Amino acid sequence: MTTSQPNILVTGASGSLGKQLLYTMTRKGIRPIAQVRTDSNTAYIDSLGLEKRTADLRNNADLLRLVAEIDCIIHTAAWVNFRQDRLTQFTGLNTFGAVNLYLAARSAGVKRFVQVSTVAAVGGLERSAKSADTAVPTLINEDHQFNLGHLRIPYIMTKRAAEEELLKQWRAGGPELVIVNPAIMVAPSRTGDDRGKAVKTFGRFLLPDLPNLVNLVDMRDVAPAIVAAVSQGRSGERYILGGENITARDLIVSVSALLGKSPHLVKIPRWFLNMSAHSAAGYARYIGRSKISFYPDLVKLADYDWAYSSAKAREELGFRPRPLQTTLQDLLMNNFVGTWQKPEK
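Heads up, the sequence shown is in our numbering, so the first residue is 15 and it goes up one at a time.
Shown next, in the form of structure tokens:
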């Protein structure tokens, strides 16, 4: 990196994580350049007085203009959705968008490329007879062998494919590449009334009783770690950015306690989930519905625990995720201070 402040481009800058990165960086005295689409809401970016560059990441001509005189790219732009249809669109943005941006970066002499991915692209822990509710599983780290290739979930497929191709291009002589894999990020909603939404959701009579481990992390902790990866991440390495591992059941109980409610948990038989998923997907196709949100491969995610170790990111990036209880309390009290929506004073 140059001795003067580098020109850092943030893609997906109008998204939730993108805006949080802008918030974090500007508070550190860094003036990033924001990539936006023609239809992006840029009110927050404009309030910071940052340079904007409009580009469609699927347009190679746009990419060459986008990366001109850039030293480092933080690539957050992606289509995040677990629907099963529109594989072409997922591939176009999540895979080709990332790879083509990296190739344009190589042509422009960009020094470093930080790819923001997902822990789903690292893999899951397959549950077995030994991984009962009380068992302590081995946590997934960065060396875990990806084991979700059999699932036809476009988001996971395309994010993993992007990582593999980016690493291939890096080995062939591309810009320094660092991959960060955040877990399930907890962030305030657009309305800011997360307590009201939670009260409505947890006011339902029945909630699913799931023993699977999940990993949740505060967006306020993810953004500084991504910024740290710009200067501290080792090229060719990945870093898992996770918080606490907790069962879905215990998560529901914790949220219910903060809301002053008693949850009514019910175990849903696997055969019922499978039958429902097959029926829902089949019916959607029969009536010509474009969006398929509930389908058999999605149900198969219940065969895994999603428990991760962030020891590497703690040691090398200074990653310090706060306790999940603190995050949940801030969220459910509508007091998520320290974000672009509610800045710290």
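Yeah, the Cβ is synthetic: ideal placement off N, Cα and C, and Gly gets one too.
This structure is a prediction, so every number in the text was calculated from the model and none was measured.
- Excluding sequence positions up to five before and after G352, its CB lies within less than 7 Å of the CB of R234 and E358, all in the same chain and listed in chain order.
- Residue pairing of V231 in beta bridges, as defined by DSSP: M199.
- K66 carries a strand assignment under DSSP once its states are collapsed to helix, strand and coil.
- Contact annotation, E83 with N21: C-beta distance approximately 6 Å; criterion of less than 8 Å satisfied.
- About 6 Å separates the beta carbon of L165 from that of K314, a gap short enough to meet the 8 Å contact definition.
- Taken in chain order, the complete alpha helix (DSSP H) segments of 4 or more residues contained in the stretch 227-284 are 233-246 and 262-273.
- Contact between V136 and T90 is ruled out by a C-beta separation of about 17 Å, above the 8 Å threshold.
- By the Cβ-count criterion, K214 is exposed, with fewer than 16 other Cβ atoms from all chains shown falling within 10 Å of its own Cβ.
- Burial check for Y322: the Cβ neighbour count within 10 Å reaches 16 or more, so the residue is buried.
- Just measuring C-alpha positions, the residue of S249, V124 and A197 sitting nearest K182 is S249.
- Looking from the CA of D319, the closest CA among N229, P337, H158 and A176 belongs to N229.
- In this structure, DSSP gives Q49 an extended state, which the three-state scheme calls strand.
- Taking the Cα positions, L115 is about 6 Å away from L77.
- If you check the CB distance, V113 and A176 come in under 8 Å.
- Excluding five sequence positions before and after L220, the CB atoms of its chain that fall closer than 6 Å to its own CB belong to H278 and V280, given in chain order.
- Taken through DSSP and simplified to helix, strand or coil, E329 comes out as helix.
- Annotation: the continuous beta strand (DSSP E) that includes Q129 extends over R126 to V130.
- The beta-carbon separation of L162 and G138, rounded to 6 Å, stays under the 8 Å limit for a contact.
- The DSSP-derived three-state label of D157 is coil.
- In this chain, the alpha helix (DSSP H) harbouring L312 covers P310 to V313.
- Annotation: the continuous beta strand (DSSP E) that includes L23 extends over I22 to T25.
- At a cut-off of 3 residues, the continuous stretches assigned as beta strand (DSSP E) that sit fully inside the stretch 62-106 are 66-68 and 86-89.
- Taking one beta carbon from each stretch, the stretch 188-198 and the stretch 279-293 have fewer than 3 pairs nearer than 8 Å; the two do not touch.
- Counting along the chain, A122 sits inside the alpha helix (DSSP H) bounded by residues A112 to A122.
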